[in-house]
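Down below is the structure, laid out as structure tokens.
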Amino acid sequence: MTGSVSAEMDLTWRYAASAPMRRFLEGVAEGRLEAGRCTGCGRRYLPPRPFCGRCRLAITEWVPVTDRGVLEAWTLVHLPIRDGRSGEMRPSPYGMGLIRLDGADTTLNHYLQLPDGVEPRIGDRVQAVWRPERRGAMDDILHFEVIR
Amino acid sequence: MNPVAVIGTGQTRHTRARDDASQADLVREAASAALTDAGLRPDDLDAVIISNMELFEGRLHPELWVGEAAYATGRPCLKVATGGTSGTSACIAGFHQAGSGAFDLVLVVGFEKHSEGHTQTGMALTDPFWDRAVASGAVGNFALSISQYMAARGVTERQAAQVAVKARHNAARNPHAHLQMPDLTVEQVLESRMLAHPLRMLDMCPQSDGAAAIVVASAGATRDMATPAAWVHAASTRHDQPYLGDLDRRMATMEALRSAAAEAYSKAAIGDPLSDIDVAEIYEPVTYAELAWYEALGFCPEGEAGRLIDEGITSMEGTLPVNPSGGVLSTNPVGASGVIRVAEAAAQLMGRAGEHQVPGAATALATGYGVYAWSDVIVMRSEEP
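Sequence lines, in order, name chains A and B.
Take 217 as the starting number for the first sequence in my numbering and just add one per residue.
Take 17 as the starting number for the second sequence in my numbering and just add one per residue.
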């Protein structure tokens, strides 16, 4: 279009993990989940946070968490979106859930595999489905499945 | 903080793509209108604040590139960027500057030109370690929160659709508004395209191009002027934990907004918000958020937001008109959206809101919202504190 100019930028970033995130992802690579526990309020953060915002303390304690939990929120996304990791368009529709894993106090945002013709309910039990070849990243868990 | 007032407001025409104007042109359009409204010349200004989410346009340092359009050459100029609250935070920074005695006249300009950006940049708002692999954008995140809010409070898709209709009908009386849909019906909202269950296309705000500006004056500076003024009685801002999973049932609890509102109401001596406030311009990026904010802002007890919209209490004819301008649901140039809330609230108090004026408005509320983690609450009155 006359009167405008287009520009492309190929942006690549590299981020360093905090010590808690490094430990967490090393655990994920072994199929193990851990939450960071605040020594002030006892809140168990998953994914782990470097600091508890409420108590203003560095998080130094760890507690084990299972790969099962409770569905606290869900949606079925129809709007196509470009995947944040691959840059490819993600097939839609796809399920999303907020999952409180057994042993954690915060919720994890992740994909939800919906059984055919079944609408999920808040309070449903869910189970992580792991990637066969793990690499120490959040998507080593492919998605969560509703257990009925 | 010494007393400060908003003494002028200006806005561009907002629309999907302002191909007729550059980013600087938009900024000048709003800045110039605000100065004219205040009866000032560019040389009268002491300082300038710019609000913009620069990543959305992919152009670093907007305050550098559009500063001269905002009359900033040769004077202090800085940028504020805090997500959806950018505009209200910039206004509050302006209040602090004029209220500290450092400056008498401060121009605050917010702008966004979404049509020149790339939606993928939104991905940079998420944490690279755990969020990007599973991010589903603003729409998906809102939908998750809304599923919890609906379960907790029992609001219905029809009640949310009524918010959409109210906003777009109000916008039809606002010449600056982007989406003007005077004939929109609840059925049309409920039949619009599903984006992420239960969120439909017409439940969401648009992406707009546009700019808005206000002129903030110290009490001393207003003495020499004949222009009406909207006096700031309280301006509170809150930050919360950034990861969404850390905020339990975030739309139902909305602790940042509740906390900011409690402080602002205390400072401004507001006991019953529904009767003490005459008009509200609140930052509602999605229909369900407006209902949730009614509760967080104390317009009603928890669980009664649906009743407020059912009974028309927040319509133009109701007890507390909410978003006479059409709100964010009708116009959303992000960096400007918070400035628009303050400008609209101030214009109501100055009796300059035109076709969407709430008659006799003396106390006005303006709020900002950003990713659940930022909240701003501002109370203004036509009377000096």
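We put the CB at the ideal spot given by N, CA and C, even for glycine.
Keep in mind the model is a prediction, meaning the values are calculated, not measured.
>> Taking its Cβ as the centre, do 16 or more other Cβ atoms sit within 10 Å of G252 (chain A), making it buried, or is it exposed?
In response: Per the 10 Å Cβ criterion, buried.
> So which of B:N18, B:Y87, B:V43, B:F119 has the shortest CA-CA distance to D62 (chain B)?
Replying inline: B:F119
>> I want to check one thing, is the minimum distance from the CB of S48 (chain B) to the heavy atoms of the ligand MN below 7 Å?
In response: The ligand MN is not part of the structure shown, which contains no ligands of any sort.
> What does D262 (chain B) touch in chain A if you count any residue whose Cβ is under 8 Å from its own?
Replying inline: Y261, R265, G269, T322
> For W229 (chain A), does the count of other Cβ atoms within 10 angstroms reach 16, so buried, or fall short, so exposed?
Replying inline: exposed
>> Comparing C-alpha positions only, which one of A:D299, A:G313, A:Q329, A:G311 sits nearest to T142 (chain B)?
In response: A:D299
> Of the choices B:S353, B:P258, B:T347, whose alpha-carbon is the least far from that of R270 (chain A)?
Replying inline: B:P258
> Which bits of chain B does E288 (chain A) rub up against, with CB to CB less than 7 Å?
Replying inline: Q164
>> I'd like the list of long-range same chain contacts for R76 (chain B), defined as Cβ closer than 8 Å, with 5 residues on each side in sequence excluded.
In response: Note that residue 76 (chain B) corresponds to Leu in the displayed sequence, not to Arg. Taking L76 (chain B) as the centre and dropping the five residues before and after it, the same chain places the C-beta of E70 closer than 8 Å to its C-beta, in chain order.
> Does DSSP put W146 (chain B) in a helix, a strand or coil?
Replying inline: coil
> A50 (chain B) and G24 (chain B) look like a contact to me (Cβ under 8 Å); what is the Cβ gap, rounded to whole Å?
Replying inline: Between G24 (chain B) and A50 (chain B) the Cβ distance is about 5 Å, and since that is below 8 Å, they are a contact.
> Which class does R341 (chain A) belong to by DSSP, given the choice of helix, strand or coil?
Replying inline: strand
> Taking the alpha carbon of R32 (chain B) as the point to measure from, which residue in B:D60, B:N18, B:A227, B:L211 has its own alpha carbon closest?
Replying inline: B:A227
>> Less than 7 Å between C-beta atoms, sequence neighbours within five positions excluded: which residues of the same chain meet that for T255 (chain A)?
In response: So the list reads L273, T276, E277, once near-sequence residues are dropped.
>> Could you check whether T282 (chain A) and D318 (chain A) sit closer than 8 Å to each other, using their CB atoms as the reference points?
In response: yes
> Run through DSSP, which three-state label would Y281 (chain B) get?
Replying inline: helix
> Does the beta-carbon distance from G352 (chain A) to V244 (chain A) come in below 8 Å?
Replying inline: yes
> Taking just the CA atoms, how far does E271 (chain B) sit from C257 (chain A)?
Replying inline: 18 Å
>> I need the straight-line Cα distance from F72 (chain B) to E132 (chain B), nearest angstrom please.
In response: 8 Å
> So does the segment 146-159 of chain B actually touch the segment 234-245 of chain B, counting three or more Cβ pairs closer than 8 Å?
Replying inline: no
>> Residues of the segment 210-241 of chain B in Cβ contact with chain A at a cutoff of 7 Å, in chain order, please.
In response: M210, L211, A212, H213
> Relative to the C-alpha of V248 (chain B), which residue among B:L290, B:Q196, B:A362 is closest?
Replying inline: B:A362
> So the alpha helix (DSSP H) V232 (chain B) belongs to, where does it begin and stop?
Replying inline: Looking at the DSSP string, V232 (chain B) is not in any alpha helix (DSSP H); the run it does join, the beta strand (DSSP E), is 225-234.
>> Measuring straight from C-alpha to C-alpha, what distance separates R266 (chain B) and P309 (chain A)?
In response: 24 Å
>> Tell me which residue opens and which closes the beta strand (DSSP E) that P78 (chain B) is part of.
In response: Premise fails: P78 (chain B) lies in the alpha helix (DSSP H), 78-81, not in any beta strand (DSSP E).
> At a Cβ cut of 7 Å, what residues of the segment 288-319 of chain A count as close to chain B, listed as they run along the chain?
Replying inline: Within the segment 288-319 of chain A, the qualifying residues are E288, A289, W290, T291, L292, V293, H294, L295, I297, R298, G300, R301, M312, L314.
> Which chain D residues sit within Cβ distance under 7 Å of M139 (chain B)?
Replying inline: Any reference to chain D falls outside this structure, whose protein chains are A and B.
> Can you round the beta-carbon distance between I394 (chain B) and T104 (chain B) to whole angstroms, since I take them to be within the 8 Å contact cut?
Replying inline: 7 Å
>> Does the contact criterion of 3 or more C-beta pairs under 8 Å hold for the segment 168-181 of chain B versus the segment 274-291 of chain B?
In response: No contact exists between the segment 168-181 of chain B and the segment 274-291 of chain B.
> Would you call F296 (chain A) buried or exposed, if buried means 16 or more other Cβ atoms sit within 10 Å of its Cβ?
Replying inline: Checking the displayed sequence, the identity of residue 296 (chain A) turns out to be Pro instead of Phe. Result: exposed.
> Per DSSP, what kind of secondary structure is N68 (chain B) in: helix, strand or coil?
Replying inline: coil
> Taking the continuous beta strand (DSSP E) assigned at D392 (chain B), which residues delimit it?
Replying inline: 390-397
>> Need the endpoints of the beta strand (DSSP E) that A380 (chain B) sits in, please.
In response: Per DSSP, the unbroken beta strand (DSSP E) holding A380 (chain B) starts and ends at 379-386.
> Helix, strand or coil: which one does DSSP assign to Y327 (chain A)?
Replying inline: strand
> When you compare only the Cα positions, how much space is there between V122 (chain B) and H30 (chain B)?
Replying inline: 24 Å
> Once you ignore the five residues that flank T323 (chain A) on each side, which residues in its own chain have a CB closer than 7 Å to its CB?
Replying inline: E288, L314, I315, R316
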